[in-house]
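For reference, the structure is listed below as structure tokens.
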Amino acid sequence: AVKHEELYKLVEPYLDIDPKATFLDDRDTRRGTIKEGKVRCKYYIAGGSCRYMFEQTGNAVIEELDGALAKASDISGIFMGNVCSSSQAALDRLIVIFVYEEWQHKTISWMPVSRYAARILAMKVQVSVLKQLMSENCMRHSAMKGLAFEILFFKGLIEGLTLTYRNDEKQPEYWEPCSVFSFAELPSMQTLARGRTCLQPFCEFQEGYDCVIVDKENKQIQFVQVTIAAKHSFKLSFFLKALEALGVPTKSGWKVRIICVTVREMLSSFQIGPVKDKGALEKYGWKRGEERENAEKACFRLVGSVRDEG
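The sequence shown begins at 14 in the numbering used here and counts up by one.
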């Protein structure tokens, strides 16, 4: 659709962008990638359904999915494929089936129709279900496992959690419960409450971090990236743009932290990729050339849990 203009014009009416999805910035327009942006945004909602993707508008898809999501009861079954031909129609709209062929062996796998549906479902389930979804034999789709881990972390932010760092010299750190708010555009720091506030991008295509925690009382900014990948990219311009949007003053005692949170089993081997935009955070106290060393790696444990999550 993106590469062939005639086909793109046929499906463009159904690639309506949600106004809240602001990941399309000036760079996208200049590079001529606004088409890709429209497809990415629609795919986040429609996922593996061609009918949702190219035959219905985004608002129509959201309305249909929201109706099905409201009726969904066996949420773990949707993730794990524990459904049958007699399932309710509401469930059918939330599930896609993938067929894997390996060495002439065909395997059928179920998963939520899209990341939009998966995120809402994951927020509704209990912590125990999220942990089950992350087990090796539960879901073979790594993106869904990553989403389950991310939602588990945000539930921990709301209820309180403890971070354990890879640096043995750094003591475990307890994070008190804090509110989590979604944003389309980062608000000015002056409008936030005095305590700790977690800001989560409304659109998943925000790069660099999954949330930014503003602690006005202790004058600290914490960028958090939650991942189950073995390696994560490190582009400093994303953090600089956020700090400037928040209005964080320079040379005024504010501390900026960047924390990569991964699963316990991967903490010792987790890597941060080469630094891009070196020196971009110098005015916030980060020395050029030492950015990778300053980035923190951690796993987390929920309040009341006896072991680290993941």
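Using N, Cα and C, we set each Cβ at its ideal position, and we do this for glycine too.
Since the structure is predicted, the reported quantities are computational estimates derived from the model, not experimental observations.
inquiry  = Measuring alpha carbon to alpha carbon, tell me which residue in P125, I110, G292 is nearest K119.
reply    = Considering only P125, I110, G292, the residue with the shortest C-alpha distance to K119 is I110.
key: L23 - containing alpha helix (DSSP H), residue span   = That run of the alpha helix (DSSP H) goes 18-24.
ask   = In chain order, which continuous runs of the alpha helix (DSSP H) of length 4 or greater are located wholly inside the stretch 219-281?
value = Runs of the alpha helix (DSSP H) inside the stretch 219-281: 249-259.
ask   = Is it the case that the Cβ atoms of K289 and L249 are separated by a distance below 8 angstroms?
value = Yes. Within cutoff.
key: Euclidean distance between Cα positions of W54 and D29   = The residue you asked about is not Trp; residue 54 is Cys in the sequence shown. Computed Cα separation, rounded: 9 angstroms.
message = Taking the alpha helix (DSSP H) that A73 belongs to, which residues open and close that run?
response = Residues 71-84.
inquiry  = For R207, which residues in the same chain have their Cβ closer than 6 angstroms to its Cβ, ignoring the five residues on either side in sequence?
reply    = Within the same chain, R207 has close Cβ partners K229, E230.
task = Would you tell me roughly how many angstroms separate the C-alpha atoms of Y178 and W299, rounded to the nearest one?
result = Approximately 19 angstroms between the Cα atoms of the pair.
inquiry  = For T204, count the other beta carbons within 10 Å of its own beta carbon; 16 or more makes it buried, fewer makes it exposed. Which is it?
reply    = T204 is exposed by the Cβ-count criterion.
ask   = Hey, quick one: how far does the beta strand (DSSP E) through G50 stretch, first residue to last?
value = Where G50 is concerned, there is no enclosing beta strand (DSSP E), although the alpha helix (DSSP H) around it starts and stops at 47-59.
inquiry  = What does DSSP give as the partner residue(s) for T204 in the beta ladder?
reply    = When beta bridges are read from the DSSP output, T204 appears opposite no residue.
key: Counterpart residues of A311 in DSSP-defined beta bridges   = Answer is Y178, V274.
query = Should the stretch 127-136 be called in touch with the stretch 56-63, which here means at least 3 C-beta pairs below 8 angstroms?
reply = Touching, yes, given that three or more Cβ pairs across the two stretches are closer than 8 angstroms.
request  = Report yes if the C-beta distance between S313 and L174 is below 8 angstroms; otherwise report no.
outcome  = Residue identity check: residue 313 is Phe in the sequence provided, not Ser. Their beta carbons are under 8 angstroms apart, which means F313 touches L174 by this criterion.
key: Span of the beta strand (DSSP E) around E186   = Bounds of the beta strand (DSSP E) holding E186 are 186-188.
query = Thinking just about the alpha-carbon of each residue, which of P287, E18, E304 is nearest to the one in A293?
reply = For the residues P287, E18, E304, the minimum Cα distance to A293 belongs to E304.
task = Alpha carbon to alpha carbon, how far is I88 from P185? Give it in angstroms, no decimals.
result = Going by the C-alpha atoms only, they are around 33 angstroms apart.
query = Going by alpha carbons, who is nearest to E220 out of V239, I234, R209, C211?
reply = Selected option, being the one with the closest Cα: V239.
ask   = For the candidate residues L134, E306, E172, M202, whose alpha-carbon lies nearest to that of L160?
value = For the residues L134, E306, E172, M202, the minimum Cα distance to L160 belongs to L134.
inquiry  = Suppose contacts are defined by Cβ-Cβ distances below 8 angstroms. Is H245 in contact with G286 by that definition?
reply    = Yes, Cβ-Cβ distance for H245 and G286 is below 8 angstroms.
ask   = Cβ of T204 within 7 angstroms of any heavy atom in the ligand SAH?
value = As far as ligands go, the structure on display features none, and thus does not contain the ligand SAH.
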